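Take any residue in the sequence shown, note its place counting from 1, add 253, and you have its number in my numbering.
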Amino acid sequence: MQFSDLASQSAESVRAAIRSGSYAGHTAGLAKGLLQCNLAILPADQADDFLEFCRLNPKSCPLAGVSRPGEPVIERLGEAVDIRTDASLYNIYRNGVLDAQVRDLKAVWRDDLVTFAIGCSFTFENALVKAGITMRHIENNTTVSMYRTNIATAPAGAFGGGMVTSMRPIARERIAEVFDICRKFPIAHGVPVHVGDPAEIGIAAIEKPDWGQPTPVADDEVPVFWACGVTPQVAIMQARPALSITHAPGAMLIADVDEATAPLYPYNDNNHPSI
């Protein structure tokens with residue numbers, strides 16, 4: 254099944270295609286209007302430190318929800334959404350090293366695994382497209398360009414490392430408008446972290462992203478960089494847990510909540526799931 258087959262389909266239809274193994278591509282532009290989430294799945298004995306890492310780094314890790322150990326759902330994101338099967342592609346890390354990419358997690362799921370769902374840039378992309386601002390990677394049916402940077406994150410326990418950013422070319426005259434739109438979506442990384450020269454944030458070759466595909470920048474455009482939900486994958490590689498799981502970059506979990514109103518995780522709420 255191709256992206257074009259799903260572009261106008263409901264979230265239920267998209268998830269059904271993903272769950273059946275018929276589709277394993279990127280989810281940018283699919284199920285418009287619903288929150289899409291990055292995933293970080295860790296053993297419960299490391300969950301508290303990772304929760305603190307998210308709290309300290311809200312630009313990179315705007316937390317949308319946390320599961321209870323072993324549970325494959327996060328109720329606040331939709332009880333019909335199965336974490337084990339409903340992302341289109343998963344990365345499995347062992348001791349911080351990418352070991353495999355799989356379509357579902359049934360063979361590796363354990364009773365001690367805790368899932369962290371992190372808000373995704375697709376939310377502000379939808380808002381920008383509605384405002385008539387081009388998202389070239391969506392037009393080209395490619396995964397957004399993502400880069401390691403020299404911007405440090407705040408460490409928590411063994412988790413730390415540099416921020417990963419995603420890049421989108423924006424017309425110079427619309428950059429202020431982009432900031433105005435994106436600040437409305439703290440659950441989707443908020444406003445950009447850098448505009449202009451990529452070398453200033455440690456990116457030596459913009460034509461060679463660390464994840465995703467290259468995105469051409471026209472003469473009347475400026476590269477604009479946002480904090481990216483792949484940052485937790487760098488933190489996991491540094492922490493080197495025996496087993497950890499993430500989404501593959503660009504292959505998100507589609508939740509059953511409105512992206513415009515989905516609340517951030519209530520860190521100070523005594524009713525949140527115990528981990």
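Each residue gets a CB set at the ideal place from its N, CA and C atoms; glycine is no exception.
Keep in mind that this is a model prediction, so the values were computed, not measured.
I'd like the list of long-range same chain contacts for residue i, defined as Cβ closer than 8 Å, with 5 residues on each side in sequence excluded.
i: residue 430; result: 384, 386
i: residue 428; result: 448, 475, 477
i: residue 504; result: 277, 278, 279, 280, 340, 341, 342, 343
i: residue 272; result: 335, 338, 339, 357
For residue i, which residues from the same chain have a beta carbon less than 7 Å from its beta carbon, with the 5 sequence-adjacent residues on both sides left out?
i: residue 262; result: none
i: residue 296; result: 365, 366, 494, 496
i: residue 464; result: 399, 483, 502
i: residue 407; result: 309, 310
Would you decide whether residue i is buried or exposed? Buried here means 16 or more other CB atoms lie within 10 Å of its CB.
i: residue 460; result: exposed
i: residue 354; result: exposed
i: residue 313; result: buried
i: residue 508; result: buried
i: residue 426; result: exposed
i: residue 374; result: buried
i: residue 401; result: buried
i: residue 346; result: buried
i: residue 357; result: buried
i: residue 470; result: buried
i: residue 418; result: buried
i: residue 255; result: exposed
i: residue 485; result: buried
i: residue 267; result: buried
i: residue 264; result: buried
Mind checking who residue i pairs with in its DSSP beta bridge?
i: residue 412; result: 409
i: residue 447; result: 478
i: residue 507; result: 289
i: residue 400; result: 418
i: residue 423; result: 475
i: residue 366; result: 296
i: residue 499; result: 293, 344
i: residue 465; result: DSSP, once it has assigned bridges, lists no residue as partnering residue 465.
Apart from the five residues just before and just after residue i, which ones in its own chain have a Cβ nearer than 6 Å to its Cβ?
i: residue 380; result: 434
i: residue 527; result: With a pLDDT of only 48 at residue 527, under the threshold of 50, the placement of this residue in the model should not be trusted; the figure read from the coordinates follows. Taken in chain order, the list of residues that qualify is empty.
i: residue 377; result: 435, 438, 441
i: residue 466; result: 395, 396
Check whether the Cβ of residue i lies closer than 8 Å to any Cβ atom in chain D.
i: residue 294; result: Given the protein chain composition of this structure (a single chain), no chain D is represented.
Is any heavy atom of the ligand ZN found at a distance shorter than 7 Å from the C-beta of residue i?
i: residue 448; result: Here there are no bound small molecules, and the ligand ZN is not part of this structure.
At 4 residues or longer, and completely inside the region 278–354: list those alpha helix (DSSP H) runs for me, N to C.
300–309
Is the region 311–325 close to the region 451–458, with three or more CB pairs under 8 Å?
As far as the Cβ criterion goes, the region 311–325 does not touch the region 451–458, which means the pair count is below three.
Could you say if the region 481–491 and the region 400–415 meet the contact criterion of at least three C-beta pairs nearer than 8 Å?
yes
Does the region 479–487 touch the region 435–445, meaning 3 or more C-beta pairs lie closer than 8 Å?
yes
For the region 496–507 against the region 340–353, do three or more pairs of beta-carbon atoms, one drawn from each stretch, fall closer than 8 Å, so that the two count as touching?
yes
Cβ contact (3+ pairs, closer than 8 Å) linking the region 282–293 and the region 461–476:
no
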